[in-house]
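Each residue of the sequence shown is one higher than the one before, counting from 131 in this note's numbering. Ideal Cβ placement from N, Cα and C applies to all residues, glycine included.
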Amino acid sequence: MSDTLAALLPSVEDVMGVLRGVIDPELGSDIVTLGMARGATVNHDGLVEVKVALTTSGCPLRAQIQRDVRSRVGNLPGVTKVKIHWGELTQQEKAAAMAKARFNVSQNAPDTAVPATTKVVMVASGKGGVGKSSITVNLAAELARRGMRIGVLDADIWGYSVPRMLGIEGRLSGVEGEKKIVPNEKQMGDGVLEVVSMGFLVDKEETALMWRGLILNRAVQHFLEDVRWGQLDYLLIDMPPGTGDVQMGIAKMLPQAEMVVVTTPARSAQKVATRVASMGRSNYLRIAGVIENMSEFVDPQGNSYAIFGSGGGQELADELGVPLWGQVPIDSSVATGGDEGSPAVLEPGSGPAAAALRAITSCLLEEIPKIDMAGCTARILEAANEALASLTISSS
Numbered sequence: 131m132s133d134t135l136a137a138l139l140p141s142v143e144d145v146m147g148v149l150r151g152v153i154d155p156e157l158g159s160d161i162v163t164l165g166m167a168r169g170a171t172v173n174h175d176g177l178v179e180v181k182v183a184l185t186t187s188g189c190p191l192r193a194q195i196q197r198d199v200r201s202r203v204g205n206l207p208g209v210t211k212v213k214i215h216w217g218e219l220t221q222q223e224k225a226a227a228m229a230k231a232r233f234n235v236s237q238n239a240p241d242t243a244v245p246a247t248t249k250v251v252m253v254a255s256g257k258g259g260v261g262k263s264s265i266t267v268n269l270a271a272e273l274a275r276r277g278m279r280i281g282v283l284d285a286d287i288w289g290y291s292v293p294r295m296l297g298i299e300g301r302l303s304g305v306e307g308e309k310k311i312v313p314n315e316k317q318m319g320d321g322v323l324e325v326v327s328m329g330f331l332v333d334k335e336e337t338a339l340m341w342r343g344l345i346l347n348r349a350v351q352h353f354l355e356d357v358r359w360g361q362l363d364y365l366l367i368d369m370p371p372g373t374g375d376v377q378m379g380i381a382k383m384l385p386q387a388e389m390v391v392v393t394t395p396a397r398s399a400q401k402v403a404t405r406v407a408s409m410g411r412s413n414y415l416r417i418a419g420v421i422e423n424m425s426e427f428v429d430p431q432g433n434s435y436a437i438f439g440s441g442g443g444q445e446l447a448d449e450l451g452v453p454l455w456g457q458v459p460i461d462s463s464v465a466t467g468g469d470e471g472s473p474a475v476l477e478p479g480s481g482p483a484a485a486a487l488r489a490i491t492s493c494l495l496e497e498i499p500k501i502d503m504a505g506c507t508a509r510i511l512e513a514a515n516e517a518l519a520s521l522t523i524s525s526s
């Protein structure tokens, strides 16, 4: 094995670190804390072997856990293949896992109020001006139009624009008798959007926030901890550009999140976008894909013009070892829809950008499928716990 290859390989600690982002959706805790991830081996050829014990060999959530383990471990630099060795927890281990889950709930161990069954997608960029917010609102609108319940967190505290782009107004309200914030809702197609933004807390959209890092981070923390989110299928987070305090704070609070990086064809944007992906991986997040925005301008005659260059999105995807989800051309319907509060994807025949965004939404659903809650983990663990208690009583 060459020294170069050895330097690329992750450590066992790195592997166990990313496994903390694999959440049992019924119990709301990660498989490391629950004792389901029993260890890992990193081989010289880049093969990583992971031992995972399930509550039962026929657990309906096995496919979900397998997909999460493979995607997160496989996303580590130097990993060529992921092999999972499946096992089954003993009765005592099942009871212990259930006890840990109960304790975590009693202590409010989850750092956020985001349901464990929600797929969290961070829409990030290395720099401003690449159209990250327009990508976020159009993906959210299209997911909702397809019948899902979608949360949108506008974490770009300084540059909040989501309320206007989605056509939502009004202050955030509270829950009587509780210190909880209720998101603003909007029906969209067959689904619903739940939206939280600093724009709902200021008097005017033009208001400038003279806040520094710690205050900003605390504001986003409130949006994650103190918002009564519904049973969301997806939570899309419009991240601030770059790699500052807010970005790192969100990454640490949401280890189960996945990141999609938005860039333009320009090489300068691509190089900066690499940094935000590096920040995500340093916090054990999976980089799920790349979206290239403003890929080209197509005139009414069908002629294409690469105004900002070409190839940046594909080069970034190749560098990160992730798929390029799609390329969104420059289209006035996106800007018009954002100004009028009606995302382009909702308008029939609205142009090539809307078509590209709909295709990217389908890619998101394929790469980050929503959780199928036909599982039975909680029921099995409850039964195991009761059985262990009966054994203890009878033996005494």
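- Per DSSP, the continuous alpha helix (DSSP H) segment holding Thr-404 begins and ends at 397-412.
- For Ala-225, the closest alpha carbon among the candidates Leu-184, Thr-242, Val-260 and Asp-469 is that of Leu-184.
- Of all alpha-carbon atoms in Val-251, Ile-367 and Lys-316, the one lying nearest the alpha-carbon of Tyr-290 is that of Ile-367.
- Of the other Cβ atoms in all chains shown, fewer than 16 fall within 10 Å of the Cβ of Arg-405; this residue is therefore exposed.
- Assignment of Phe-438 by DSSP, reduced to helix, strand and coil, places it in the coil class.
- Asp-461 sits in coil when the DSSP states are folded into three classes, being neither helix nor strand.
- Taking the Cβ atoms as the reference, Asn-423 lies roughly 6 Å from Ile-265, within the contact range of under 8 Å.
- Scanning Asp-356, Thr-248 and Gly-410 for the CA closest to the CA of Lys-382 turns up Gly-410.
- Note on geometry: alpha-carbon atoms of Ala-170 and Thr-163 lie some 15 Å from one another.
- Across the structure, His-215 and Gly-147 are spaced so that their CA atoms are roughly 18 Å apart.
- Boundaries for Asp-284: no alpha helix (DSSP H) harbours it, while the beta strand (DSSP E) harbouring it runs 279-284, taken from the DSSP string.
- Within the same chain, Cβ atoms closer than 6 Å to the Cβ of Lys-500 are found at Lys-249 and Asp-363, the five residues on either side in sequence being excluded.
- If one requires a minimum length of 3 residues, the beta strand (DSSP E) runs lying completely within the segment 138-172 are 167-172, in chain order.
- Secondary structure of Lys-500 (DSSP, three-state): coil.
- With fewer than 16 other CB atoms across the displayed protein chains lying within 10 angstroms of its CB, Lys-211 is exposed.
- A contact between stretches requires three or more CB pairs, one per stretch, nearer than 8 Å, and the segment 441-459 meets this requirement with the segment 392-403.
- Beta-bridge partners of Gln-317 (DSSP): Val-322.
- Counting along the chain, the unbroken beta strand (DSSP E) around Glu-426 starts and ends at 416-428.
- Look at His-215 here: in three-state DSSP terms it is strand.
- For Asp-356, DSSP records no beta bridge to any residue.
- Under the DSSP assignment, Val-178 falls in the beta strand (DSSP E) whose first and last residues are 177-184.
- By DSSP's assignment, Tyr-364 forms a beta bridge with Lys-249 and Ile-280.
- Glu-388 has Val-251 and Arg-416 as its beta-bridge partners, per DSSP.
- Between Leu-269 and Leu-495 the beta-carbon gap is near 10 Å, outside 8 Å, which marks them as no contact.
- Looking at the backbone, the Cα of Val-145 and that of Arg-416 are separated by about 12 Å.
- Excluding its 5 nearest sequence neighbours in each direction, Asp-175 has C-beta neighbours in its own chain below 7 Å: Thr-210, listed in chain order.
- For Gln-431, there is no enclosing alpha helix (DSSP H), as DSSP gives it neither H nor E.
- Looking at the DSSP output, Ile-311 sits in a beta bridge with Gly-304 and Val-357.
- Under the three-state reduction of DSSP output, Thr-393 falls in the strand class.
- The C-beta of Arg-279 has 16 or more other C-beta atoms within 10 Å across all chains shown, which makes the residue buried.
- DSSP places Ser-327 in the strand class (E or B) of the three-state scheme.
- Counting along the chain, Gly-204 sits inside the alpha helix (DSSP H) bounded by residues 192-204.
- Closest in alpha carbon position to Val-172, among Ala-436, Val-458, Asp-154 and Leu-139, is Leu-139.
- Counting along the chain, no alpha helix (DSSP H) covers Glu-477, and no H or E run does either.
- Sequence-distant partners of Ile-153 (beyond 5 residues in either direction) whose C-beta falls short of 6 Å from its own C-beta, in its chain, are Asp-160, Ala-246 and Gln-386.
- Beta-bridge analysis with DSSP links Leu-487 to no other residue.
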